[in-house]
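Residue numbers (our numbering), protein chains in the order written: chain A, 1 to 347; chain B, 1001 to 1347; chain C, 2001 to 2347.
All C-beta atoms in this analysis are idealised placements derived from N, C-alpha and C, irrespective of residue type, glycine included.
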Amino acid sequence: MFVKNAWYCAGWDYSVTLARDAILARQIAGERVVLFRTPDGKVHAFEDRCPHRQAALSMGRKEGDTLRCMYHGLRFATDGRCVEVPARDRIPERARVRVFPVVERDSWIWVWMGDPEQADESLIPFAVGPGAEGWNIWTSEMSVNANYRLEIINLADLGHLTWVHENTVGGSLKYAAIEPDFELLPRGLITRYWVRSVEATGAVRHLFPAGTLFDLHFEITHTIPCTWVMHFRIFTAGAATEGDSDGTLLVDTWTSQAVTPRHADAVDYYYSWGTSKETDIPGLSDMLGQTLDIAFREDAVILEAQHERWREKPDFPMVDLPFDEGPAKMLWVLDRLLREEAGKPDR
Amino acid sequence: MFVKNAWYCAGWDYSVTLARDAILARQIAGERVVLFRTPDGKVHAFEDRCPHRQAALSMGRKEGDTLRCMYHGLRFATDGRCVEVPARDRIPERARVRVFPVVERDSWIWVWMGDPEQADESLIPFAVGPGAEGWNIWTSEMSVNANYRLEIINLADLGHLTWVHENTVGGSLKYAAIEPDFELLPRGLITRYWVRSVEATGAVRHLFPAGTLFDLHFEITHTIPCTWVMHFRIFTAGAATEGDSDGTLLVDTWTSQAVTPRHADAVDYYYSWGTSKETDIPGLSDMLGQTLDIAFREDAVILEAQHERWREKPDFPMVDLPFDEGPAKMLWVLDRLLREEAGKPDR
Amino acid sequence: MFVKNAWYCAGWDYSVTLARDAILARQIAGERVVLFRTPDGKVHAFEDRCPHRQAALSMGRKEGDTLRCMYHGLRFATDGRCVEVPARDRIPERARVRVFPVVERDSWIWVWMGDPEQADESLIPFAVGPGAEGWNIWTSEMSVNANYRLEIINLADLGHLTWVHENTVGGSLKYAAIEPDFELLPRGLITRYWVRSVEATGAVRHLFPAGTLFDLHFEITHTIPCTWVMHFRIFTAGAATEGDSDGTLLVDTWTSQAVTPRHADAVDYYYSWGTSKETDIPGLSDMLGQTLDIAFREDAVILEAQHERWREKPDFPMVDLPFDEGPAKMLWVLDRLLREEAGKPDR
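Below is the structure:
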């Protein structure tokens, strides 16, 4: 159901600090995870389940470098070992909580859900976080009650921009006509395309004289499971119909998006958008961000209704369309990784 | 579980127009159905599931004679064929949405949930709708979280009028004593009986001097699945103890009721009540209607608690009583139709 | 899953009278139960399920010594026999509702959920109710969404007092160090221990000068399923380190607690606490009671999170600690009783 040997985004770095008692509970790929920061600033991730009697460690208490379960007071070091059984000398060897490898990068927290021995930091996707030099990046998040496969399909598919996001980040028939360049990666897909001489998207069309046209360039790196990072640039419409636009670069943006399955029926969605400082103008990054919040609610209502229907008829015969090429490649990568892990023993 | 080759009521004709974007989503007998009207005024019913990726067509958009899925913009004609894949020439032959036969009659919309070839309009039950000449008919609807078998039993059973509807549409022990005439139909049951020299029902008893008595005549046509249409007449109490009342006709009414299962655990209930224009007096039809809304909530709380218990103990041994003769006949008809369809392949 | 041949607490005696229409609906050990009082003051318990069509008898009406089902008006005597089928002469022999033996004692209502022939009043646990002479007892109740095994473990375990109830009824590390005396009973366990020279518990520590110490004595009788009755006494700290305290008795209290499973995922919890009239001071019993309400919410949030995790991973390998000795004994008793009943036919 889920690829285990993979980095999953557990959210924005500030969420760990802002959580109640600075202890953050998540569900990731079907597992309960608790995240907390030690005084040295490092983030640690435990299974959110005390090895004694399955109490929630996320209801515990940080004490120095350790986390105390507040049911019976067992205290765990960052390597998962129990270092205190209150008022008792003997600590059973088996009193160990499962520890997940954690990396903080680009203001995101990444958790490796599989075999810690295989945790490979080079697999962490590139992203542009709010701390990136030269960029003004706005961050947000939401939850969607849908399986993550539907999110992967949605993100890999360009055809829906025309319709779902008619009034926000899409709206032109030109999106449905895109024939992108694909570059398959071991764990994902790079998708590149131009949309030329197109009107501004719905959200900002009213800001320009009628008929003002733009050249748009998209370069998207989509990885399993599930990160979607796009370099998106807006030019004045030029004359070129192939290769680079000969218009003027107006806005240079990055958006970084991570979809983390909680379990089979819901995902957490962490995302950012922002412009280069050179091309930013006051209010622009905020407006992009607010537009994205609305656009992703547009997707969410579609995906949640689709998820219900997909649960009702898992074997419904479906019809393939040209828009499904990107999604098909991504699902092929996902299913290959799932197959590779199947048969291997679980931790 | 559900008879497929049957007409199910999808609600009042005005609901299609009043729905958001004039597109109405229903669940009928376990299927998702979307209803919309084309410019010629006709109502059409599709499976509420795009053949591409199961998106909800009820979140779509009406465009002329067609319905557009607002996920990827596929557009469907009223025969279910896809007539547009945006920005693409080729339309896959298999891109067809399932179409359900629809008939509008008596202000109700009827949908045939089985094989369209077998859709037989002569099976649509007789009813008296709000447009019927000579009648003032009031309409309403509600939902009940109970299996439709419990609704069929409830409607076929006269014994509960005495107790459940003590303060609304029943209240006399005479209801529990009824020995009706039954006439079995291929898909239902006609039930006829007199209740003589009875006080007014609970809701209106206070309007008459104490001891004022009436003769009541009931003629009910109950069909599978599940319509209940009653011609109900109130006379001053006469001397006759057999055959027609020799009292004076005071009020002549029709009530038409349709119970449509959403799925195994809920129904939608559409109903009307009203008097002949000749016997109506200002406020009477409104009062009957409001009484019915209250009476059906009285049933609903009983049925929802019964449904919970029936789910907990499906094999609970039950005891039969004289009141169960009507319900037993109706369930016999239902189960015969279900058996007849079993073994036949589903569409 | 549940021991059937056992007395389950159905709540406080006053709840039957205060319920809507003085008819109380409960779920006990997976069964629906309805409780009502006849004019002679006796409480009766029926299965909350009419033998006719499973309607809820708890939606019925008390009439003298009988309970009428308000669906079709069947009326049942306290022995479960149907004594009226409205407007009909014949009463089917099988029209009998299941009757559960009931005993009122110590202001609690006890219901025997198994074979009535085996109902043995001597198995009803000792308790100190609000009517006990010489005691001022305060009563309360709550519901918890957790399996009753987790409640049994929680109540048999002394180690959690230190942490879960840090600010209410625990808080000292001395609780985690307790090595109690156990006395195994056929259906439970007596647990006795002293906690000596300990500060007042969290809730009342601020009332005493810093460093004021007490000797506490606990004697708990815990029975399956699931009653927990404690004689708890507070002395000024004395010099004795074994046997009785040589301090002065300050407060002498009893708390009686009953946990009744509704079904596999929830319990009702009825409890009381109070002091002897000799050692009571104005406001003390109220304060103890309010403290207990807060303390049991502290348990409830832990248990509900634990229950979710236990449902997710029923086979999670757990680690045993010294605190688990009491819980292990209680689960051993419970599982022995369950095994003894397994194989015997259900009623």
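Contact check, residue i vs residue j under 8 Å by CB: the rounded distance?
i          : j          : result
Arg37(A)   : Val16(A)   : 6 Å
Trp1138(B) : Tyr1270(B) : No, Trp1138(B) and Tyr1270(B) are not in contact; Cβ-Cβ is about 12 Å, not under 8 Å.
Glu2047(C) : Arg2098(C) : 4 Å
Ser1272(B) : Gly1134(B) : Ser1272(B) to Gly1134(B), Cβ: 15 Å. No contact.
Met2330(C) : Ile2220(C) : Rounded, the Cβ-Cβ distance is 11 Å, inconsistent with contact.
Val229(A)  : Phe126(A)  : 6 Å
With a 10 Å radius around its C-beta and 16 neighbouring C-beta atoms as the bar for buried, classify residue i as buried or exposed.
i          : result
Arg1013(B) : Strictly speaking, residue 1013(B) in this sequence is Asp, with Arg absent from that position. Buried is the call here.
Pro1327(B) : buried
Pro101(A)  : buried
Asp335(A)  : exposed
Leu1407(B) : Any answer about residue 1407(B) is impossible in this case: the structure gives chain B only from 1001 up to 1347.
Arg347(A)  : The pLDDT assigned to Arg347(A) is 43, lower than 50, so where the model puts this residue is not dependable; a value taken from the coordinates is nonetheless given after this. It counts as exposed.
Gln1118(B) : exposed
Ile1023(B) : buried
Leu2207(C) : exposed
Pro2282(C) : exposed
Arg1149(B) : buried
Ala295(A)  : buried
Glu2151(C) : buried
Glu325(A)  : buried
Asp2268(C) : buried
Pro39(A)   : exposed
Asp1089(B) : exposed
Per DSSP, which residues does residue i bridge with? Please list them.
i          : result
Asn136(A)  : Thr275(A)
Gly1188(B) : Leu1185(B), Thr1223(B)
Lys1062(B) : Leu1067(B)
Asp252(A)  : Arg233(A)
His44(A)   : Phe36(A)
If we ignore side chains and look at the alpha-carbon of each, how far apart do residue i and residue j end up?
i          : j          : result
Gly1073(B) : Phe2002(C) : 56 Å
Arg26(A)   : Val103(A)  : 16 Å
Thr78(A)   : Pro1092(B) : 57 Å
Ser1197(B) : Ile1153(B) : 27 Å
Asn233(A)  : Tyr193(A)  : Residue identity differs from the one stated: residue 233(A) is Arg in this sequence, not Asn. Their Cα atoms are separated by approximately 11 Å.
Asp293(A)  : Val169(A)  : 11 Å
Gly1061(B) : Val1144(B) : In the sequence on display, residue 1061(B) carries Arg and not Gly. One C-alpha to the other measures close to 30 Å.
Thr1241(B) : Glu2121(C) : 58 Å
Asp1115(B) : Asn1005(B) : 6 Å
Ala41(A)   : Trp110(A)  : According to the sequence shown, residue 41(A) is Gly rather than Ala. Looking at the two C-alpha atoms, the distance is approximately 15 Å.
Ile351(A)  : Arg1049(B) : Outside the displayed range of chain A (1 to 347) lies residue 351(A), so it cannot be described from this structure.
Asp65(A)   : Glu84(A)   : 13 Å
Thr1162(B) : Pro1180(B) : 15 Å
Ala2305(C) : Cys9(A)    : 24 Å
Pro1314(B) : Asp2021(C) : 29 Å
Inspect the beta-carbon positions of residue i and residue j and report whether they are closer than 7 Å.
i          : j          : result
Gly1274(B) : Ser1285(B) : yes
His2307(C) : Asn2147(C) : yes
Glu298(A)  : Val164(A)  : yes
Leu2035(C) : Ala2045(C) : yes
Asp265(A)  : Gly238(A)  : no
Trp254(A)  : His231(A)  : yes
Ala2258(C) : Thr2291(C) : no
Ile178(A)  : Leu158(A)  : yes
Ala2176(C) : Pro86(A)   : yes
Arg96(A)   : Gly80(A)   : yes
Gln2054(C) : Arg1309(B) : yes
Thr279(A)  : Val251(A)  : yes
Gly1247(B) : Phe1235(B) : yes
Taking 6 Å as the cut-off, is the beta-carbon of residue i closer than that to any non-hydrogen atom of the ligand MG?
i          : result
Lys1042(B) : This structure simply doesn't include the ligand MG, nor any ligand for that matter.
- [ ] Identify each residue in the stretch 1287-1318 of chain B for which the Cβ-Cβ distance to at least one residue of chain F is less than 7 Å, and report them in chain order.
- [x] In the structure shown, chain F does not exist; the protein chains are A, B and C.
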